[in-house]
Structures are given as structure tokens and as C-alpha cells.
Amino acid sequence: MKDIFALLKQGSMAALTAAIVNFVLACLKGLAFLFTANVAMFAEMMHSFGDAVNQLFVFTGSSLSKKAPTKRFPFGFGRLVNLVCLFAIIIVAILSYETVREGIHHIIEPLPVQTDTTMLLINIGVLLIAVVLEGIVLFKAGKELLQQAEQPYDGIKPLTLSYKYMNRAKPATKLVFLEDTVATAGALLAIIGILIGRFAGIEQSEGIVSVIIGLMMFYIVYKVFMENAAGVLGESDPQMEQRISQIVFRNDDIKDIQKLIVMKEGDDLHVEVVAEIAPELTVEYTNKLRDDIEALIMKQSHIADVNLEFEVDDGRRSWPETQGQLDNKSGKK
Numbered sequence: 001m002k003d004i005f006a007l008l009k010q011g012s013m014a015a016l017t018a019a020i021v022n023f024v025l026a027c028l029k030g031l032a033f034l035f036t037a038n039v040a041m042f043a044e045m046m047h048s049f050g051d052a053v054n055q056l057f058v059f060t061g062s063s064l065s066k067k068a069p070t071k072r073f074p075f076g077f078g079r080l081v082n083l084v085c086l087f088a089i090i091i092v093a094i095l096s097y098e099t100v101r102e103g104i105h106h107i108i109e110p111l112p113v114q115t116d117t118t119m120l121l122i123n124i125g126v127l128l129i130a131v132v133l134e135g136i137v138l139f140k141a142g143k144e145l146l147q148q149a150e151q152p153y154d155g156i157k158p159l160t161l162s163y164k165y166m167n168r169a170k171p172a173t174k175l176v177f178l179e180d181t182v183a184t185a186g187a188l189l190a191i192i193g194i195l196i197g198r199f200a201g202i203e204q205s206e207g208i209v210s211v212i213i214g215l216m217m218f219y220i221v222y223k224v225f226m227e228n229a230a231g232v233l234g235e236s237d238p239q240m241e242q243r244i245s246q247i248v249f250r251n252d253d254i255k256d257i258q259k260l261i262v263m264k265e266g267d268d269l270h271v272e273v274v275a276e277i278a279p280e281l282t283v284e285y286t287n288k289l290r291d292d293i294e295a296l297i298m299k300q301s302h303i304a305d306v307n308l309e310f311e312v313d314d315g316r317r318s319w320p321e322t323q324g325q326l327d328n329k330s331g332k333k
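To convert, note that position 20 of the sequence shown is 20 in the UniProt record's numbering; the numbers rise steadily by one, no gaps.
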């Protein structure tokens, strides 16, 4: 039992926080829907339930993926988070379908516009609470995302700069950030749809909003499925490969790189490098050179292990040096 709790502590806190918040919001929206029969509120309820289930799975998967390798699974459980996300996204896809279907039904056969002021205030009040809580979770996820991407996260940057560096975050954090972006936008859309229906008399407005929210959920399904399917198969990280090549070329004794692969394994990155060196270097010096370069690589974010091998320079260029790498060699900043 202690081992399980130790693993859970290593899970994505952003995912756990988002799961709890979305479950509470789903219950509030469900109660509001029972009182008002508002289809936009139904869409928001389905969205929150879907997010809560998905993020709970993500938290569990991100925790279990930290389990140490065993004799049966010597490469560890890093890709478990990808498998769990793929399973969870099936639930979200079903809820997305139901949301779109319900929205289309109310576009074809719209209900009379609700004129009761009390019901209007209930819907708007619940949705405003959702905007505030989802916005807080979105901010937390954005801050965590920027920390993982090694970017500044002061001020409102978690809500602005995070989108630029989304691909450099852990899978669980990225998923929570995407889902809460859609959740916050969906709650605002639901408010707009209700207000248009009430004051403009457009009966189909809530059904249209429901369809839009469902389609946004389908976008999350597509995004999460594609990224986690790639993670299960084994995906390289081009940006980290570029950064590590600069670290390797920083040493004048490195003449070329024959091979450089950075493989994603859940939240971890595994690095394999084959570099070329001059033939006159001694074994003792070469071993020290390997230790120094591996130590620098291990300081990079999410690196789990490094395998660096040397070959004698063959005189042919295999890895093109960028201007940044040339500047590193010449000592420029």
C-alpha cells in the first residue's frame, strides 16, 4: 500500500486537480440541467464529466508510469500513461457524440425559450462558477507546462505563452491544458448561447452551442489519440535532438555525429548518441570525455538515461552543424 501511495504522489497534480474540479462542476451543471432543462447546460455537464473521467485516468497513468522496471518489464512502465490516455479518450468520444447528437436534436426541434428569470440566473451563475474554476485550473496547468518547457511563467504567461511551448510538456500536463482550454471556452459559449436565446429569441441558439462544444470535445479526442498513439509506438523528440547535438558539438574533440536519437517513453526521454572523434585520443581521455558529455546531457529536462558511444572520424560529414553549434565551438554566446 505504501508503494501505491508513493507512486500516486509522483502523478500529475494538474490532472488530479482538474479531475476534482471537473467532477464538482459536472454535478453542479447536472443539477442546473435538472432544474432548467437547458440543452447548453447538458452539453457542459457532459463535457465536465468527460474531462473528470479522462483526467482521473491521466493522473492514474502518470503515477503508474513511474513504477520501477521489473524482471518481466525491464524497460519500465513509461508508455503506460499513453495507453491509459488512449483508453480514457474512448469515454470522451462517446460523450462528445452524445453532446453533438443532443444539440442537433434541439436545433431541429428547439424548445421554447426559457423566460423564467430564476432559471436564467441559475444557468448563468453555474456557468460563471465554471469559468472561474476552469480558468484557475487552466492557469495552474499552463504554469506547470511552462516549468516543464523551462520557460518563464510569471504574470499571465501561463495563459498566453503556454500554447507556443505545448509540445515540450509532459503528455499528462499537455492534455489537462488542452482540455481546460476547451472547458473554459465551452462555458463562455454556453453563457452566450443562453443569453442569445433569452434576449434575441433564437430558440436554436442553445442547440448550436451544444454542437460547437461537442465538436471541440472531438478535437481533443483527435489530438489526444494521435499524440498518445505515437507515444505507444515510440516517438522521437526532434527539438531535444537538436539541443543535444549542440551540447555534443560544444567539445572540439567531437568531429561528427553518426547517430542521435531521443526516444520518448511516457514522461521520460532516452538518448542514444554515436559520435566521431580523432583517432589519436587516448582511451583514458576518451572515457573522461564520454563522462563529461553524458553528465551535461543528463542535466536536460526529462532525460532518463544516455548511451554515448565513440567511433573514429571517417572524414565524411554525417550530421550538419547549425550556426548555433559553430558559435558554440568558437566560444560565442
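Positions of the beta carbon are idealized from the N, C-alpha and C atoms, including for glycine.
Please state whether the Cβ-Cβ distance between residue i and residue j is less than 8 Å.
i	j	result
Glu102	Ala43	yes
Ile247	Leu260	no
Glu179	Asn54	yes
Val126	Leu175	no
Val271	Ile303	yes
Glu276	Asp313	yes
Gln151	Leu161	yes
Ala26	Ala52	yes
Asp237	Leu289	no
Pro171	Asn228	yes
Ile122	Thr36	yes
Thr230	Lys255	Just to set this straight, residue 230 is Ala in the shown sequence, not Thr. Contact flag unset, no.
Ile257	Ser318	yes
Ser205	Gly197	yes
Leu28	Ile129	yes
Can you tell which of the options has the C-alpha that lies nearest to the C-alpha of residue i?
i	options	result
Glu109	Ile202, Glu144, Ile220 and Met166	Ile202
Leu233	Asp252, Glu272 and Lys264	Lys264
Lys66	Leu56, Val81 and Asp253	Val81
Phe310	Asn287, Pro320, His105 and Ser318	Asn287
residue 334	Met217, Asp116 and Phe87	An answer regarding residue 334 cannot be provided, because it is not within the stretch 1 to 333 covered by the chain.
Thr181	Leu159, Asp253, Asp291 and Ile124	Leu159
Ala169	Asp253, Ala185, Thr184 and Ala141	Ala141
Lys143	Tyr165, Val262, Leu133 and His105	Tyr165
Val132	Gly315, Asn22, Leu296 and Asp291	Asn22
Asp252	Tyr153, Ile293 and Gln239	Ile293
Arg250	Ser96, Glu98, Ala183 and Leu296	Leu296
Ile90	Tyr222, Glu235, Val262 and Arg316	Tyr222
Met119	Val24, Met41, Tyr163 and Ala185	Met41
Just how far apart, CA to CA, sit residue i and residue j?
i	j	result
Gly11	Asp267	11 Å
Phe33	Val39	8 Å
Val92	Leu215	11 Å
Ser48	Phe199	27 Å
Met13	Phe59	7 Å
Ile208	Leu189	10 Å
Gly135	Gly30	20 Å
Ile20	Pro112	34 Å
Asp192	Lys157	Note on identity: in this sequence residue 192 is Ile, with Asp being the wrong assignment. Rounded to whole angstroms, Ile192 to Lys157 spans 26 Å at the Cα level.
Ile213	Phe73	41 Å
Ile107	Lys9	46 Å
Ala88	Gly50	9 Å
Thr282	Asn167	41 Å
Val100	Gly155	37 Å
Gly300	Ala187	Correcting the residue type first, residue 300 is Gln in the shown sequence and not Gly. Distance between the alpha carbons of Gln300 and Ala187: 38 Å.
Phe177	Arg79	20 Å
Cys85	Met298	28 Å
Leu64	Asn307	25 Å
residue 353	Met45	Nothing can be reported for residue 353: it is not among the residues displayed for the chain, which extend from 1 to 333.
Phe218	Gln147	28 Å
Leu56	Tyr285	50 Å
Leu7	Thr173	17 Å
Ala68	Asp305	14 Å
Gln323	Tyr97	The predicted model places Gln323 with a pLDDT of 40, which falls under 50 and marks its position as unreliable; any figure quoted below should be read in that light. The alpha-carbon atoms of Gln323 and Tyr97 are separated by roughly 50 Å.
Ala183	Arg316	53 Å
Leu145	Gly76	24 Å
Tyr163	Leu83	24 Å
Asp291	Val262	18 Å
Between which two residues does the alpha helix (DSSP H) holding residue i run?
i	result
Tyr219	Ser205 to Leu233
Thr70	Thr70 -> no alpha helix (DSSP H), and no H or E assigned at all.
Met46	Val39 to Leu64
Val97	Sequence check: residue 97 is Tyr here, not Val. Leu80 to Ile108 is the extent of the alpha helix (DSSP H) around Tyr97.
Asp180	Pro171 to Ala200
Arg243	Pro238 to Phe249
Leu31	Met13 to Thr36
Query - Complete runs of the alpha helix (DSSP H) confined to the segment 254-310 [at least 4 residues] - result: You should have 283-298.
Report task. Note down, one range per segment and in chain order, each alpha helix (DSSP H) of at least 4 residues found wholly within the segment 130-172. Result -> Counting whole runs of 4 or more residues, the segment 130-172 contains the alpha helix (DSSP H) stretches 157-160.
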